[in-house]
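Counting from 1, position 110 in the sequence shown corresponds to residue 109 in numbering that gives the first Met the number 0; the numbering is continuous, with no gaps.
Reviewing the structure listed below.
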Amino acid sequence: MESKEVKLLGFWVSPFSRRVEWALKVKGVGYEYIEEDIFNKSNLLLELNPVHKKVPVLVHDGKVIAESFILLEYVDETWKHHPLLPQDPHQRALARFWAKFCEEKVFETAWNALCSKGEEKQKALEQCKEAMEKMEEEVFKGKQILGSDGRSNLGYLDIAVGWISHWLPVFEEVGSMQILDPLQFPATAAWIDRFLNHPLIKDNLPPREKMLVYFHQRSQELSSTAQGWIKV
């Protein structure tokens, strides 16, 4: 496919736009990537996504789609080879459930912990670890992820929760906190290693050192609030 047919507006450090890139690469779909400055939004972004005014935004043959999870399903349904979601309706529902759970219960609490101090930080950390305990048992010991039952292909859940592998360790370092203790979460740690070494992932990650600088600055700016960061 020629890249001119598909355009993706994203932000270099956003896990939400990055997951759409991963999905397109799994499908072998060529695309034109357009970097957005989310602090000085372009007229193009405002025109294409006037409702939320945020990335990622996908343009396919003139049709505009937004929101990363919706985009993952659009990509999967449009280019049907190398399916991301399971064929079984129950397994598809479970994949969607755990993707949403991870976003709401792990990502949000990890970000809150990064951007807060004292009791608020400790509470967010406890909530995040509690959510990760469920992820360890239900997702990373499950059958829908890379490496389970000999699977070598990336699926919907791998891509949806892929931020855990690269972004969460950065949050931990910047926030001087530990969430992913490999002794407590051995299945998660094993999946992270497989995920980061997958050929479609290892060369498609934002630079860690640059991320550390960015998230340190953002966490300082946002102080104790998790509103208005990169998910805009």
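Where a beta carbon is used, it is the ideal one built from N, C-alpha and C, also for glycine.
Classification of Ile158 by the beta-carbon crowding that lies within 10 angstroms, buried from 16 upward: The residue given as residue 158 occupies position 159 in the sequence shown. Answer is buried; the Cβ neighbour count reaches 16.
For Gln62: DSSP bridge partner residues: Against the sequence shown, residue 62 aligns to sequence position 63. According to the sequence shown, residue 62 is Lys rather than Gln. In the DSSP output, where bridge partners are listed per residue, Lys62 has His59.
Check whether Ala123 and Met176 have beta carbons under 7 Å apart: Within the sequence shown, numbered from 1, the residue matching residue 123 stands at position 124. Within the sequence shown, numbered from 1, the residue matching residue 176 stands at position 177. Cβ distance not < 7 Å, so Ala123 and Met176 don't count as in contact.
Do Val54 and Glu35 have their C-beta atoms closer together than 7 Å? The residue you call residue 54 lines up with position 55 of the sequence shown. The residue you call residue 35 lines up with position 36 of the sequence shown. Yes, these two residues count as a Cβ contact at 7 Å.
Within 10 Å of its beta-carbon, does Arg17 have 16 or more other beta-carbons around it, so buried, or fewer, so exposed? Taking the sequence shown and counting its residues from 1, one reaches residue 17 at position 18. With 16 or more other Cβ atoms inside 10 Å of its own Cβ, Arg17 counts as buried.
Touching by the beta-carbon criterion (3+ pairs, under 8 Å), the stretch 156-175 and the stretch 18-27: Because the criterion of three Cβ pairs below 8 Å is met, the stretch 156-175 and the stretch 18-27 touch.
With respect to the alpha helix (DSSP H) encompassing Val5, which residues constitute its N-terminal and C-terminal limits? Mapped onto the sequence shown, residue 5 falls at position 6. For Val5, there is no enclosing alpha helix (DSSP H); the enclosing beta strand (DSSP E) has its first and last residue at Val5 to Gly9.
Using the beta-carbon count (16 or more within 10 Å), is Asn48 buried or exposed? Here residue 48 refers to the residue found at position 49 when the sequence shown is read from its first residue. So Asn48 counts as buried.
Please give the ranges of any beta strand (DSSP E) in the stretch 10-35, keeping only runs that are unbroken, at least 3 residues long and fully inside the region. List check, beta strand (DSSP E) in window: 31-34.
To the nearest angstrom, report how far apart Pro205 and Leu71 are at their CA atoms. Here residue 205 refers to the residue found at position 206 of the sequence shown. Here residue 71 refers to the residue found at position 72 of the sequence shown. In a straight line, the C-alpha of Pro205 is about 20 Å away from that of Leu71.
Please determine, among Lys133, Gly29, His81 and Val74, the residue with the shortest C-alpha to C-alpha distance to Leu179. Taking the first residue of the sequence shown as position 1, residue 179 is located at position 180. The shortest Cα separation from Leu179 among Lys133, Gly29, His81 and Val74 belongs to Lys133.
Is it a yes or a no for the stretch 84-104 touching the stretch 38-47, going by three-plus beta-carbon pairs under 8 Å? Between the stretch 84-104 and the stretch 38-47 there are fewer than three inter-stretch CB-CB distances shorter than 8 Å, so the stretches are not counted as touching.
Counted within 10 angstroms of its Cβ, other Cβ atoms place Ile200 as buried (16 or more) or exposed: Position 201 of the sequence shown holds residue 200. Buried, because 16 or more other Cβ atoms sit within 10 Å of the Cβ of Ile200.
Suppose the cutoff is 7 Å on Cβ atoms and the five residues either side in sequence are ignored; what does the same chain contact list for Phe184 look like? For this step, residue 184 is matched to residue 185 along the sequence shown. Contacts found: Met131 and Glu135.
Which first and last residues belong to the alpha helix (DSSP H) in which Asn196 is found? Mapped onto the sequence shown, residue 196 falls at position 197. First-last for Asn196: undefined, no H or E at that position.
Opening and closing residue of the alpha helix (DSSP H) in which Lys122 lies: One-based indexing of the sequence shown puts residue 122 at position 123. For Lys122, the enclosing alpha helix (DSSP H) stretches over residues Gly117 to Glu137.
Check whether Leu8 and Ile37 have beta carbons under 7 Å apart: Residue numbering aside, residue 8 sits at position 9 when the sequence shown is read from its first letter. Residue numbering aside, residue 37 sits at position 38 when the sequence shown is read from its first letter. Their beta carbons are not under 7 Å apart, which means Leu8 does not touch Ile37 by this criterion.
Thr187 versus Lys140 - alpha carbon distance: Here the question's residue 187 lines up with position 188 in the sequence shown. Here the question's residue 140 lines up with position 141 in the sequence shown. Distance from the CA of Thr187 to the CA of Lys140, rounded to the nearest whole angstrom, comes to 8 Å.
Val138 vs Trp97 beta-carbon contact at 7 Å: What you label residue 138 is simply residue 139 of the sequence shown in a count that begins at 1. What you label residue 97 is simply residue 98 of the sequence shown in a count that begins at 1. The Cβ atoms of Val138 and Trp97 lie closer than 7 Å to each other.
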